[in-house]
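This report refers to the structure that appears directly beneath it.
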Amino acid sequence: MDKPQVFIDIKPSELAERVQDYCERGWRFVNLCGVTVEGGVELIYSFSDGYPLENLRFVTDLSEPIDSVSTRFPNAFFFENETHDLFGVQFAGISIDFDGEFYTVSIPEPMRRHDG
Amino acid sequence: MAERSVIPFGPQHPVLPEPLHLDLIIEDERVVEAIPQVGFVHRGLEKLVEKKDFQQFVLVAERICGICSFGHSLGYCETVEALMGIEVPRRAEFLRVIWHELSRIHSHLLWLGLLADAFGFENLFMQCWRLRERVLDIFEATTGGRVILTACKVGGVEQDIENSELAAIVEDLNGMRAEYDELLRVFLKDRSVKSRLVGVGHLTKQQAREFACVGPFARASGIEEDMRLFGFGAYDALADFQPIVSSDGDGYARCEVRAREVLASIDLIAELVEKIPDGPFDQKVKGAPAKGSYAVSRLEQPRGECFYFARGNGTKFLERFRIRTPTSQNIAGMVHTLQGCELADVPLNVLTIDPCISCTER
Numbered sequence: 088m089d090k091p092q093v094f095i096d097i098k099p100s101e102l103a104e105r106v107q108d109y110c111e112r113g114w115r116f117v118n119l120c121g122v123t124v125e126g127g128v129e130l131i132y133s134f135s136d137g138y139p140l141e142n143l144r145f146v147t148d149l150s151e152p153i154d155s156v157s158t159r160f161p162n163a164f165f166f167e168n169e170t171h172d173l174f175g176v177q178f179a180g181i182s183i184d185f186d187g188e189f190y191t192v193s194i195p196e197p198m199r200r201h202d203g
Numbered sequence: 025m026a027e028r029s030v031i032p033f034g035p036q037h038p039v040l041p042e043p044l045h046l047d048l049i050i051e052d053e054r055v056v057e058a059i060p061q062v063g064f065v066h067r068g069l070e071k072l073v074e075k076k077d078f079q080q081f082v083l084v085a086e087r088i089c090g091i092c093s094f095g096h097s098l099g100y101c102e103t104v105e106a107l108m109g110i111e112v113p114r115r116a117e118f119l120r121v122i123w124h125e126l127s128r129i130h131s132h133l134l135w136l137g138l139l140a141d142a143f144g145f146e147n148l149f150m151q152c153w154r155l156r157e158r159v160l161d162i163f164e165a166t167t168g169g170r171v172i173l174t175a176c177k178v179g180g181v182e183q184d185i186e187n188s189e190l191a192a193i194v195e196d197l198n199g200m201r202a203e204y205d206e207l208l209r210v211f212l213k214d215r216s217v218k219s220r221l222v223g224v225g226h227l228t229k230q231q232a233r234e235f236a237c238v239g240p241f242a243r244a245s246g247i248e249e250d251m252r253l254f255g256f257g258a259y260d261a262l263a264d265f266q267p268i269v270s271s272d273g274d275g276y277a278r279c280e281v282r283a284r285e286v287l288a289s290i291d292l293i294a295e296l297v298e299k300i301p302d303g304p305f306d307q308k309v310k311g312a313p314a315k316g317s318y319a320v321s322r323l324e325q326p327r328g329e330c331f332y333f334a335r336g337n338g339t340k341f342l343e344r345f346r347i348r349t350p351t352s353q354n355i356a357g358m359v360h361t362l363q364g365c366e367l368a369d370v371p372l373n374v375l376t377i378d379p380c381i382s383c384t385e386r
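Protein sequence lines correspond, in order, to chains A and B.
Just so you know, the working numbering puts the end of the first sequence at 203, numbered straight through with nothing missing.
Just so you know, the working numbering puts the end of the second sequence at 386, numbered straight through with nothing missing.
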């Protein structure tokens with residue numbers, strides 16, 4: 088069986104409504120992934136209900152904090168703190184907020200640099 | 025009202041082979057709240073995709089963890105193959121699953137041994153690890169490595185296993201089964217084991233779903249979710265795969281699920297060896313992942329669902345590779361199980377999620 092590859096482009100303002108919908112349908116939060124792109128950071132939120140897997144993606148220019156999804160999905164605190172420390176994305180209202188102290192990094196926002 | 029105090033647990037602790045820290049807020053020896061902290065040994069391996077091309081990076085992926093090494097190389101290869109639309113020869117899919125299930129057996133035997141050691145049953149610990157050595161011997165005979173196998177590559181596997189050798193592996197595993205049955209009886213029936221595990225760290229099915237727990241940790245709370253059910257790779261050749269599930273949701277249930285999964289993996293390998301087709305075991309890979317291509321993949325690692333993401337940029341170097349490990353998914357659930365437990369039960373409770381900090385701090 089092929090693995091599902093569903094990517095849905097959304098606007099940052101739609102995130103809260105989409106997350107609420109997944110929560111009400113009983114889906115679980117799988118992952119938050121940051122990708123450095125021109126003009127900011129692309130955030131990819133993954134949700135699953137067994138076999139189905141859907142990935143919401145949008146680009147943030149880092150000017151505004153992103154609403155945390157950890158109030159709906161408690162396990163998201165790990166990934167939001169990680170994305171903050173590695174990419175410099177600000178999240179508002181993380182359930183356990185390490186305030187930049189989650190990872191010990193020798194340079195700030197290491198994943199936003201490209202050393203290739 | 026009892027006085028509250030904070031006890032630091034870890035990052036150095038006898039029960040933890042790897043660094044995990046918890047601030048335990050306690051009242052009268054009972055945990056009220058636990059605040060986790062990781063990040064002591066973060067290595068930034070994901071960033072190495074900028075330095076190693078997509079074929080070289082397999083070697084980095086399997087060094088993420090010494091226990092799930094084959095699983096990580098498999099997850100990485102499957103993600104890149106999805107990114108590039110590569111179809112893997114059928115024999116390679118079977119060989120991959122056979123090595124992966126052997127990894128599950130050795131991982132669970134390692135964990136069962138650590139658990140026995142944590143509750144002071146030294147002999148049981150040594151017997152588990154003695155059996156585990158036999159699985160490592162199989163790895164060595166088939167790949168040359170005992171921990172890092174270098175068996176998986178994009179497009180297939182590095183080497184074949186002769187059909188006669190596969191039959192010998194099944195025979196060896198069946199020989200192990202009789203000895204393992206004895207250990208299983210101790211884990212599941214012995215009064216001293218039960219006294220340390222029954223009722224400890226209880227997590228209901230609803231809570232396991234709320235905290236998005238995965239793997240044996242979730243299945244011990246009644247969640248029938250296992251990536252192997254969906255027939256990815258050679259798992260679609262299995263006649264009737266059913267995940268091992270328990271509804272008790274405590275430390276004993278987590279032990280039972282993993283202990284029974286060892287036997288399930290032995291059966292699964294025997295079935296695959298019976299059905300493995302002849303044919304090529306790899307194929308030549310040309311080109312590079314297309315610019316702007318995305319792919320995700322999931323795999324049932326010994327500790328639970330592992331999630332992989334890759335993005336191509338038109339060169340032989342990936343733009344981004346991401347792994348979300350089972351432990352990072354299970355930490356929120358583990359922290360919840362600590363609330364209300366006795367201070368003395370904290371080490372065992374932490375151990376029952378089978379935390380792997382190497383994976384988490386990739």
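Each residue gets a CB set at the ideal place from its N, CA and C atoms; glycine is no exception.
Note that the structure is a prediction, hence the values are computed from the model and not measured.
Alpha carbon to alpha carbon, how far is residue j from residue i? Give it in angstroms, no decimals.
i: residue 102 of chain A; j: residue 305 of chain B; result: 44 Å
i: residue 283 of chain B; j: residue 132 of chain B; result: 7 Å
i: residue 164 of chain A; j: residue 257 of chain B; result: 32 Å
i: residue 291 of chain B; j: residue 69 of chain B; result: 35 Å
i: residue 109 of chain A; j: residue 134 of chain A; result: 7 Å
i: residue 251 of chain B; j: residue 26 of chain B; result: 45 Å
i: residue 155 of chain B; j: residue 198 of chain B; result: 12 Å
i: residue 180 of chain B; j: residue 307 of chain B; result: 6 Å
i: residue 138 of chain A; j: residue 325 of chain B; result: 16 Å
i: residue 65 of chain B; j: residue 352 of chain B; result: 14 Å
i: residue 170 of chain B; j: residue 135 of chain B; result: 17 Å
i: residue 32 of chain B; j: residue 48 of chain B; result: 6 Å
Buried or exposed for residue i, please, with buried defined as at least 16 other CB atoms from any protein chain shown within 10 angstroms of its CB.
i: residue 59 of chain B; result: exposed
i: residue 238 of chain B; result: buried
i: residue 191 of chain A; result: exposed
i: residue 150 of chain B; result: exposed
i: residue 219 of chain B; result: exposed
i: residue 148 of chain A; result: exposed
i: residue 211 of chain A; result: This structure gives no information on residue 211 of chain A, because the portion of chain A shown stretches from 88 to 203.
i: residue 90 of chain A; result: buried
Beta carbon of residue i, beta carbon of residue j: below 8 Å?
i: residue 323 of chain B; j: residue 95 of chain B; result: yes
i: residue 241 of chain B; j: residue 357 of chain B; result: yes
i: residue 97 of chain B; j: residue 112 of chain B; result: no
i: residue 178 of chain B; j: residue 105 of chain B; result: yes
i: residue 168 of chain A; j: residue 181 of chain A; result: yes
i: residue 378 of chain B; j: residue 327 of chain B; result: yes
i: residue 107 of chain B; j: residue 319 of chain B; result: yes
i: residue 121 of chain A; j: residue 170 of chain A; result: yes
i: residue 343 of chain B; j: residue 53 of chain B; result: no
i: residue 126 of chain B; j: residue 159 of chain B; result: yes
Would residue i count as contacting chain A if we go by Cβ distances under 8 Å?
i: residue 78 of chain B; result: no
i: residue 178 of chain B; result: no
i: residue 57 of chain B; result: no
i: residue 105 of chain B; result: no
i: residue 344 of chain B; result: yes
i: residue 258 of chain B; result: no
i: residue 181 of chain B; result: no
i: residue 49 of chain B; result: no
i: residue 320 of chain B; result: yes
i: residue 331 of chain B; result: yes
i: residue 81 of chain B; result: no
i: residue 308 of chain B; result: no
i: residue 265 of chain B; result: no
i: residue 10 of chain B; result: The first residue shown for chain B is 25 and the last is 386, placing residue 10 of chain B beyond what the model contains.
Under 8 Å between C-beta atoms, does residue i make it to chain B?
i: residue 132 of chain A; result: no
i: residue 107 of chain A; result: no
i: residue 98 of chain A; result: no
i: residue 165 of chain A; result: yes
i: residue 176 of chain A; result: no
i: residue 181 of chain A; result: no
i: residue 94 of chain A; result: yes
i: residue 146 of chain A; result: no
Under 8 Å between beta-carbons, which chain B residues line up against residue i? List them in chain order, please.
i: residue 191 of chain A; result: 63, 64, 66
Would you mind telling me which residues of chain B sit closer than 9 Å to residue i, beta carbon to beta carbon, in chain order?
i: residue 126 of chain A; result: Result: empty, since nearest Cβ-Cβ is about 15 Å, beyond 9 Å.
i: residue 195 of chain A; result: Residues of chain B passing the Cβ test: none, with the nearest at roughly 13 Å.
What does residue i touch in chain A if you count any residue whose Cβ is under 7 Å from its own?
i: residue 39 of chain B; result: By Cβ distance, chain A contributes nothing, its closest Cβ being about 21 Å from residue 39 of chain B, past 7 Å.
i: residue 28 of chain B; result: Result: empty, since nearest Cβ-Cβ is about 18 Å, beyond 7 Å.
i: residue 236 of chain B; result: 115, 116, 160, 162
i: residue 355 of chain B; result: 165
Which residues in chain B sit within 7 Å of residue i, going by Cβ to Cβ distance?
i: residue 156 of chain A; result: Here the premise fails: no neighbours, minimum Cβ distance about 11 Å.
i: residue 139 of chain A; result: Under the 7 Å cutoff, chain B gives no residues; its nearest Cβ is about 10 Å from residue 139 of chain A.
Please check if any C-beta of chain E sits within less than 8 Å of the C-beta of residue i.
i: residue 314 of chain B; result: Considering every chain present, this structure includes no chain E. Its protein chains are A and B.
At 8 Å on the CB atoms, spell out the chain A contacts of residue i, in chain order.
i: residue 149 of chain B; result: Ordered by position in chain A, no residue passes the 8 Å Cβ test against residue 149 of chain B, which lies about 30 Å from the chain.
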